[in-house]
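These protein sequence lines are chains A and B, in that order.
The numbering used here numbers the first residue of the first sequence as 1 and each following residue consecutively.
The numbering used here numbers the first residue of the second sequence as 1001 and each following residue consecutively.
Contents: one structure, followed by commentary.
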Amino acid sequence: MSEFLQQLLNGLSLGAIYALIALGYTMVYGVLRFINFAHSDVFMVGAFIGYYAGKLVPAGTIWGGLTVLAAAMLGCAVLGMTIERLAYRPLRGAPTLNVLITAIGVSLLLEYTGQVFFGAAPRNFPALFPVKNFAVGGLVVSSNQLLVIAVALGLMVGLQLIVYHTRIGTAMRAVSLNPKAAVLMGVNIDVVISFTFGLGSALAAAGGILYALNYPSIDPLMGVMPGLKAFVAAILGGIGNIPGAALGGLVLGTVETFVSGSPWSTYKDAIAFAILIIILLFRPAGLLGRFTVEKV
Amino acid sequence: MITALRFRWLPAFAATVLAVSASAAGVIKVGEFASLTGKEAAFGQSSHKGTLLAIEELNASGGVLGQQFELITEDNQSKQGESATIAKKLISRDKVVALLGEVASGRSLEAAPIAQNARIPMVSPSSTNPRVTEMGNYVFRVCFIDPLQGRLLAKFAQSTLKAKRVALLTSVSSPYSVGLAKFFKEPFLAHGGEIVIEQKYSENDKDFKAQLTAIKPTHPDAIFVPGYYTEAALICKQARDLGLTVPLFGGDGWEAPQLIEIGGAAVEGIYFTTHYSPESTAPAVQKFVQDFRTKFAGETPDAMAALGYDSAMVLAQAIRRAGTTEGPKVRAALATTKNYAGITGVITIDGQRNATKSAVVVTVQDGQFKFVETIAP
Chain A
1 MSEFLQQLLN
11 GLSLGAIYAL
21 IALGYTMVYG
31 VLRFINFAHS
41 DVFMVGAFIG
51 YYAGKLVPAG
61 TIWGGLTVLA
71 AAMLGCAVLG
81 MTIERLAYRP
91 LRGAPTLNVL
101 ITAIGVSLLL
111 EYTGQVFFGA
121 APRNFPALFP
131 VKNFAVGGLV
141 VSSNQLLVIA
151 VALGLMVGLQ
161 LIVYHTRIGT
171 AMRAVSLNPK
181 AAVLMGVNID
191 VVISFTFGLG
201 SALAAAGGIL
211 YALNYPSIDP
221 LMGVMPGLKA
231 FVAAILGGIG
241 NIPGAALGGL
251 VLGTVETFVS
261 GSPWSTYKDA
271 IAFAILIIIL
281 LFRPAGLLGR
291 FTVEKV
Chain B
1001 MITALRFRWL
1011 PAFAATVLAV
1021 SASAAGVIKV
1031 GEFASLTGKE
1041 AAFGQSSHKG
1051 TLLAIEELNA
1061 SGGVLGQQFE
1071 LITEDNQSKQ
1081 GESATIAKKL
1091 ISRDKVVALL
1101 GEVASGRSLE
1111 AAPIAQNARI
1121 PMVSPSSTNP
1131 RVTEMGNYVF
1141 RVCFIDPLQG
1151 RLLAKFAQST
1161 LKAKRVALLT
1171 SVSSPYSVGL
1181 AKFFKEPFLA
1191 HGGEIVIEQK
1201 YSENDKDFKA
1211 QLTAIKPTHP
1221 DAIFVPGYYT
1231 EAALICKQAR
1241 DLGLTVPLFG
1251 GDGWEAPQLI
1261 EIGGAAVEGI
1271 YFTTHYSPES
1281 TAPAVQKFVQ
1291 DFRTKFAGET
1301 PDAMAALGYD
1311 SAMVLAQAIR
1321 RAGTTEGPKV
1331 RAALATTKNY
1341 AGITGVITID
1351 GQRNATKSAV
1361 VVTVQDGQFK
1371 FVETIAP
């Protein structure tokens, strides 16, 4: 039983990180109807900002850790908005495929520029927050795992508030529902899209920091696998749906952890993706997604 | 005019800088493919530095057959699938007479068939998987092989660690790890040991908590992780986080400063086997350590550096004995290498083109590697 709970905890803390990244994929899809493949590299940049900013604050303090987290989120928000302004905005109105290829291009650009600037060798990520392990019964809970879950939950609640209880959130939902009608109603679509990218990238940065805190070895290609998993999580939960992305991330992380801890650990990724295929067979729009008919 | 593309590697950039130069007559070109960047970069860098030092010493003493050596190095970025292309390029475009490489068995396995087909001798400094030299009779190595390392590790676990029940955590995507796990298991079980649980991971994984959580309730006496240092460091860290206090041990894939950098306090008291220890008092070893420190800003050479050095030296003396740089003749000379006194021990190439040598056990104490014992084969 305690092993089950331990695996559940491991799975939830991994899933919470997938969820944070998945939110960025899903929000961009919601307003622009395309997959921003560069998102996983924004996650990587977030971890590297944390790495460098971490040298400026005393290690192992809560305020230092939160400052670094905020710095990385801010830095990546700017990066996300810059990417949108320079690479995607000129292509607005172009076929989705063109934007998709551009996104892959931006992704590779970030990865290999990262290799030039940061070097390809893995680096040791500093312990930003105080680290403590609690033993509860047979369960070992590390403060980092709790931090991941707490920060992820906090950010998701914050996101929900922004999307449903602010003017810009209402504008985001309007653009998502019908961009042309939103423009006619006086919504400034450029501002909304820019804001969406900033918000999604900030969440990716938080994911990057939390990931690096738990697995303290970072390199410029570190975003590839978690990015892919988060993308899958976004689809699993129903792409374009914010609570769906969170749920998808948690489901994927938990399934992956349970398979890793079983005798079939070799097939970890295969089983996780097989589950995705099965869920999509029964619910083509994802767990929480609503199936919409494309209007021609 | 024949021109050759030469590759120079700049430490700060993982980029290639191509320089065109006329190939001088009377130069012996040796190709090296190495993991200079990426996941196993610490190994690739060490090995490369050892090889550089050997080539420099050889050239300073007048070279071989009245000719100077030219080392042409290519980086495979620790990636699968790059080494074969690089080996082809080195052989067909640079016209190297021999290949040196790689640290990782998986990547040596990629280049070996290319060398074999082109009849270019290849000497691997530190690929320990037995399959590497089985690729053909042009493929050699100067290190011990995993069946021996596995046997020595089993011996170490049973006699020094007094471990009867061991948990295994193997990387399924690395031939080195799969091989070493198998060669550990057989003698360990034969001598009354018990493998309580076998868990798997893949290269580039970062989360091992699930596997370690499954290992914990089986209460092993020790955990054996045949793998490379990047994953090993994270595994040690996460094992300690989960409250697993038993010793962890591994093979020569663990020996890199990054193990201590990433692992921190979690790698204190771990053990691994490797090829040599710079703490050895043998005069040849001390001279090598001194020369290496002088050339590379006080850096102490690790086993990979010593093997990189030995691989180039064994190749050079084979070319000297062959009296030519023709592939088949150099191959024949390499195959008859006998009692060559290398830095990592006395090297005699056996019928399977392997070197049989003793291993040393190293631990981590106060953030430093510490020599424990030598285990004879």
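Every residue gets a Cβ at the ideal spot worked out from N, C-alpha and C, and that includes glycine.
All values derive from a computational prediction rather than experimental measurement.
Buried versus exposed call for residue i [16 or more other C-beta atoms within 10 Å across all chains shown]
i	result
D1146 of chain B	buried
Q1352 of chain B	exposed
G1298 of chain B	exposed
Y1228 of chain B	buried
W1254 of chain B	buried
G1101 of chain B	buried
A1104 of chain B	buried
R167 of chain A	exposed
K1049 of chain B	buried
D1075 of chain B	buried
Residue i and residue j closer than 7 angstroms at C-beta
i	j	result
I162 of chain A	V175 of chain A	no
A87 of chain A	T67 of chain A	no
G1263 of chain B	T1051 of chain B	no
T266 of chain A	N10 of chain A	no
I1235 of chain B	F1272 of chain B	no
E1261 of chain B	V1364 of chain B	no
A230 of chain A	G237 of chain A	no
A1333 of chain B	S1358 of chain B	no
A204 of chain A	L155 of chain A	no
L221 of chain A	A19 of chain A	no
E1032 of chain B	T1073 of chain B	yes
Chain A contact for residue i (CB, 7 angstroms cutoff)
i	result
Q1116 of chain B	no
P1217 of chain B	yes
E1074 of chain B	no
L1058 of chain B	no
D1207 of chain B	yes
L1242 of chain B	yes
I1352 of chain B	Going by the sequence as given, residue 1352 of chain B is Gln instead of Ile. Taking Cβ atoms only, chain A never reaches closer than 7 angstroms to Q1352 of chain B, which makes this a no.
V1172 of chain B	yes
Q1317 of chain B	no
K1200 of chain B	yes
Nearest-angstrom Cα separation, counted from residue j out to residue i
i	j	result
I277 of chain A	I1270 of chain B	42 angstroms
P1125 of chain B	L1071 of chain B	15 angstroms
E1279 of chain B	D1252 of chain B	17 angstroms
N1117 of chain B	A212 of chain A	44 angstroms
S201 of chain A	L146 of chain A	23 angstroms
K1185 of chain B	V1360 of chain B	20 angstroms
P126 of chain A	A1256 of chain B	19 angstroms
L139 of chain A	I1215 of chain B	14 angstroms
D269 of chain A	A233 of chain A	13 angstroms
L210 of chain A	Q1068 of chain B	53 angstroms
P1113 of chain B	G137 of chain A	55 angstroms
N98 of chain A	Q1077 of chain B	30 angstroms
R123 of chain A	S1108 of chain B	26 angstroms
R1331 of chain B	A1282 of chain B	30 angstroms
K1164 of chain B	V131 of chain A	33 angstroms
V28 of chain A	M81 of chain A	12 angstroms
L177 of chain A	G240 of chain A	11 angstroms
CB contact below 7 angstroms: residue i versus chain B
i	result
T257 of chain A	yes
E3 of chain A	yes
S40 of chain A	no
N241 of chain A	no
Q6 of chain A	yes
L14 of chain A	yes
T266 of chain A	yes
G75 of chain A	no
S143 of chain A	no
T215 of chain A	The amino acid at residue 215 of chain A is misidentified as Thr; the sequence shows Tyr. It does; some Cβ of chain B falls within 7 angstroms.
A150 of chain A	no
P130 of chain A	no
C-beta neighbour in chain D for residue i, strict 7 angstroms
i	result
T26 of chain A	The structure shown contains no chain D; its protein chains are A and B.
Item to complete: Report the residue ranges of all alpha helix (DSSP H) runs contained in full by the region 51–118 of chain A; include only those spanning at least 4 residues, in chain order.
Response: 62–83 and 96–118
Worksheet item: Along the chain, which unbroken stretches of the beta strand (DSSP E) at least 3 residues long are found entirely within the region 1231–1286 of chain B?
Response: The qualifying runs are 1248–1250 and 1271–1274.
Worksheet entry | Runs of alpha helix (DSSP H) wholly within the region 1068–1132 of chain B (minimum 4 residues, chain order) | 1083–1092 and 1105–1118
Fill in: Entirely enclosed beta strand (DSSP E) segments - the region 1314–1375 of chain B, minimum 3 residues
1340–1342, 1345–1347, 1359–1365 and 1368–1375
Practice prompt. Within the region 1118–1204 of chain B, note down every full beta strand (DSSP E) run reaching 3 residues or more, in order along the chain.
Written response: 1122–1124, 1139–1141, 1165–1171 and 1194–1201
Item to complete: Let me know the beta strand (DSSP E) ranges lying completely inside the region 120–155 of chain A, each 3 residues or longer, listed in chain order.
Response: 133–136 and 139–142
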